[in-house]
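Each remark here refers to the structure printed beneath this line.
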Amino acid sequence: MKNIVILISGGGSNMAALVRAAEREQWGKRYGARVAAVMSNKAEAKGLEFARSQGIATAVLDHKAYASRDAFDAALADRISAYDLPGAPALVVLAGFMRILTPAFVERFAGRLTNIHPSLLPAFTGLHTHQRAIEAGCKFAGATVHLVTAELDHGPILEQAVVPVLADDTADTLAARVLTQEHLIYARAIARLLQSAVGAHP
Ligand code: NHR
Ligand code: GAR
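Printed below as a string of structure tokens:
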């Protein structure tokens, strides 16, 4: 069995899409994987309610309760590592997680830490991607699933999806169009990662 730990900060629609894909595509039977826990740095994150309703373990670690970024990341890493299994380290999936992670954290989960970013990387790293794409006059926007490295939004690209930017788009209408594609490509990227892991460790 391989545990998947999903980190969120808000709505959790990408997390919910992954939970639903795991169910629909029988990730347990096919890859020996399950969504074991959903963790948030915000107690009020809406996604936590959905996770609980699915019987998934949840945890809240409020970054404001820690003296430093290093201390928060160390505590978070320890909570995640509780889901490592012998020979099967947990897969750590950032899904709308809004805290930059320290190099020490990234190093500890290297190769098994993924993020979804709402732009066509390497364009528009960082925040407010939709507004910036509109202001730049982009005709297309999109989303990227990538492995996380210490450099923000720069890890190897696993999947991308493209959507048009329409003349009357606002950041919100563009974000909604991108989000529907995020749900598809994140599930596909994680299924592929699990599939390759199954092949690598028979
Ligand atoms: N950490 C590392 N090391 N590398 C990445 O690629 C990461 C990461 C942590 C999160 C998601 C990310 C995104 O896809 C992500 C990728 C938060 C911020 C940010 O500035 C930037 C990028 C991303 C997530 N956060 C502020 C901070 O001080 C807080 C903002 C807030 O709380 O609203 O951490 O875009
Ligand atoms: C998604 O669009 C995700 O790509 C983005 O936040 C949204 C979260 O939605 N992530 C970032 O901007 C990371 N900095 P969700 O909580 O409904 O999945």
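In this note's numbering, the protein residues as written are -8 to 193.
Glycine is no exception: its CB is placed at the ideal position from the N, C-alpha and C atoms.
Source: prediction; values computed, not measured.
Quick check: the Cα distance between H192 and A162, rounded to an integer number of angstroms?
The residue you call residue 192 lines up with position 201 of the sequence shown. The residue you call residue 162 lines up with position 171 of the sequence shown. Here the model assigns H192 a pLDDT of 47, short of 50, so the residue's position is not dependable and the matter cannot be decided.
For my contact list, I(-5) and A24 are in at a C-beta cut-off of 8 Å; report their separation, rounded to the angstrom.
Translated into the one-based positions of the sequence shown, residue -5 becomes position 4. Translated into the one-based positions of the sequence shown, residue 24 becomes position 33. Rounded, the Cβ-Cβ distance is 6 Å, consistent with contact.
Buried or exposed: A127, going by 16 or more other Cβ atoms within 10 Å of its Cβ?
Residue 127 sits at position 136 when you count from the first residue of the sequence shown. That one is exposed.
Give the single residue among A12, A134, Y22, V83 whose Cα lies nearest to the Cα of Q186.
Here residue 186 refers to the residue found at position 195 of the sequence shown. The shortest C-alpha separation from Q186 is found at Y22.
Assuming L112 contacts I148 under a Cβ cut-off of 8 Å, what Cβ separation, rounded to an integer in Å, is found between them?
Numbered from its first residue, the sequence shown carries residue 112 at position 121. Numbered from its first residue, the sequence shown carries residue 148 at position 157. Their Cβ separation, rounded to whole angstroms, is 6 Å, which keeps L112 and I148 in contact under 8 Å.
Taking C-beta to C-beta, are A188 and A8 nearer than 8 Å?
Counting from 1 along the sequence shown, the entry for residue 188 is found at position 197. Counting from 1 along the sequence shown, the entry for residue 8 is found at position 17. Not closer than 8 Å, so no.
C-alpha distance - A68 paired with D160, whole-angstrom precision:
Locating residue 68 in the sequence shown gives position 77, counting from the first residue. Locating residue 160 in the sequence shown gives position 169, counting from the first residue. Their Cα atoms are separated by approximately 39 Å.
Starting from the Cα of T135, find the closest Cα among I91, G38, H174 and give me that residue.
For the purposes of this step, residue 135 is taken as the residue at position 144 of the sequence shown. Closest by alpha carbon: H174.
Any heavy atom of the ligand NHR nearer than 5 Å to the CB - residues listed:
M89, R90, I91, L92, V97, N106, H108, V139, L143, D144
Please find out if some non-hydrogen atom of the ligand GTP comes closer than 7 Å to the beta-carbon of A132.
The ligand content of the structure shown is limited to the ligand NHR and the ligand GAR, which means the ligand GTP is not among them.
Just mark L118 as buried or exposed, buried being the case when its beta carbon has 16 or more other beta carbons within 10 Å.
As a working note, residue 118 is residue 127 in the sequence shown. Result: exposed.
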